[in-house]
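A.B. asks: Would you mind keeping the following structure in view while I ask a few things?
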Amino acid sequence: MTHSQLGQIEQFAKKFHSDDPQHDWEHIIRVRVNALELAKHYPETNLEILQAACFLHDIGRSVKDEGHPEESIKLASPHLQEIGLTNDEIEAINHAIHCHDVKKIHEANSIEAKLLFDADKLEILSVFGFLRVVVFLMEERHMKISEAVNFLWGFSLNVYEKLLNTEEARMLIAQDMDLLRAMVEKYNSWDQRIKH
Ligand SMILES: [Fe+2]
Ligand SMILES: [Fe+2]
């Protein structure tokens with residue numbers, strides 16, 4: 076993949092992220108930064124495939140939230156063909172996008188897929204990302220704040236303890252997880268005091 080093709084993919088993906096404050100373009104930029112940081116430890120990584128997958132992984136959210144990775148693939152594939160990527164390149168990008176779902180990560184068979192997953196999930200496990208997703212759950216899934224905080228904390232613990240693919244990702248996020256654990260405990264102790 077050439078530098079210019081990667082640039083075209085970036086421009087294409089940007090158009091899908093204009094009016095979603097929780098999954099705006101800054102989310103994509105942070106996922107890409109995380110992914111490139113992790114890739115330093117895995118020199119076999121194809122950095123173009125990884126970055127293309129970072130750019131495209133959430134474009135399907137413009138259609139729907141649940142099942143968006145498959146929508147992202149549907150939207151991206153014709154564009155990738157049009158700009159002249161090989162079938163192998165398109166398959167590698169699509170595989171990474173497909174596997175960024177917690178229900179699909181066990182299917183990952185490439186380092187690019189594993190790193191995209193970790194980079195994307197670091198976004199939730201960071202203090203910043205946690206707040207972003209709590210707001211999303213309240214607005215889009217109509218959860219109450221205590222429900223959103225505890226649901227997301229359970230999800231985050233599962234990702235942190237069981238699903239992350241790399242030790243490097245775990246190390247990068249350990250401090251944020253400590254802060255979040257303390258915050259959730261404090262939140263719940265206040266919540267109890269209010270209710271009783
Ligand atoms: Fe996603
Ligand atoms: Fe994402």
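Per the numbering used here, the very first residue in the sequence shown carries number 76; after that it's consecutive. Quick reminder that beta carbons are idealized off the backbone N, C-alpha and C, glycines included.
Would you check if there are 3 or more beta carbon pairs closer than 8 Å linking the stretch 239 to 251 to the stretch 199 to 209?
C.D. replies: A contact exists between the stretch 239 to 251 and the stretch 199 to 209.
A.B. asks: Taking only heavy atoms of ligand 1 into account, decide whether any of them is closer than 7 Å to the Cβ of Asp195.
C.D. replies: Result yes, Cβ under 7 Å from ligand 1.
A.B. asks: Which of the three DSSP states, helix, strand or coil, is assigned to Ile158?
C.D. replies: Looking at Ile158 - three-state DSSP - the assignment turns out to be coil, as it is neither helix nor strand.
A.B. asks: Pick helix, strand or coil for Ser93, following the three-state DSSP scheme.
C.D. replies: Coil.
A.B. asks: Please indicate yes or no: does the CB of Asp140 lie closer than 7 Å to some heavy atom of ligand 3?
C.D. replies: This structure lacks ligand 3; the ligands present are ligand 1 and ligand 2.
A.B. asks: From the beta carbon of His173, is the nearest beta carbon of chain B less than 8 Å away?
C.D. replies: Structure shown: chain B not included; a single protein chain is present.
A.B. asks: Are the stretch 187 to 197 and the stretch 163 to 178 touching, with three or more C-beta to C-beta distances below 8 Å?
C.D. replies: The stretch 187 to 197, when compared against the stretch 163 to 178, does touch it at the 8 Å Cβ threshold.
A.B. asks: Specify, as a first and last residue, the run of the alpha helix (DSSP H) that Arg216 falls within.
C.D. replies: Premise fails: Arg216 is in no alpha helix (DSSP H) and is neither H nor E.
A.B. asks: Quick check: is any heavy atom of ligand 2 less than 7 Å from the C-beta of His102?
C.D. replies: Yes, Cβ of His102 sits closer than 7 Å to a heavy atom of ligand 2.
A.B. asks: Looking at Asp133 and Ser147, is the spacing between their C-beta atoms short of 8 Å?
C.D. replies: In this structure, Asp133 lies closer than 8 Å to Ser147 by Cβ.
A.B. asks: Can you give the beta carbon distance from Ala88 to Phe130, rounded, assuming they're within the 8 Å contact cut?
C.D. replies: Their Cβ separation, rounded to whole angstroms, is 4 Å, which keeps Ala88 and Phe130 in contact under 8 Å.
A.B. asks: If we require 4 or more residues per run, which alpha helix (DSSP H) segments fall completely within the stretch 95 to 161?
C.D. replies: Complete alpha helix (DSSP H) runs here, min 4: 100 to 114, 122 to 131 and 143 to 157.
A.B. asks: State the start and end residues of the unbroken alpha helix (DSSP H) segment that holds Leu247.
C.D. replies: Looking at the DSSP string, the run of the alpha helix (DSSP H) that includes Leu247 is Glu242 to Lys270.
A.B. asks: Give the DSSP-derived three-state secondary structure of Asp195 in the structure shown.
C.D. replies: If DSSP states are grouped into helix, strand and coil, Asp195 belongs with the helices.
A.B. asks: Is the beta carbon of Gln126 closer than 8 Å to that of Leu81?
C.D. replies: Yes.
A.B. asks: Is the closest heavy atom of ligand 2 to the C-beta of Val106 under 7 Å?
C.D. replies: Flag set: Cβ of Val106 near ligand 2.
A.B. asks: Measure the C-alpha to C-alpha separation of Glu162 and Arg107 and round it to an integer number of angstroms.
C.D. replies: Looking at the sequence provided, one finds Asn at residue 162 rather than Glu. Asn162 and Arg107: Cα-Cα distance of roughly 23 Å.
A.B. asks: Would you kindly work out how many angstroms separate the C-alpha atoms of Ala114 and Leu122, rounded to a whole number?
C.D. replies: One C-alpha to the other measures close to 8 Å.
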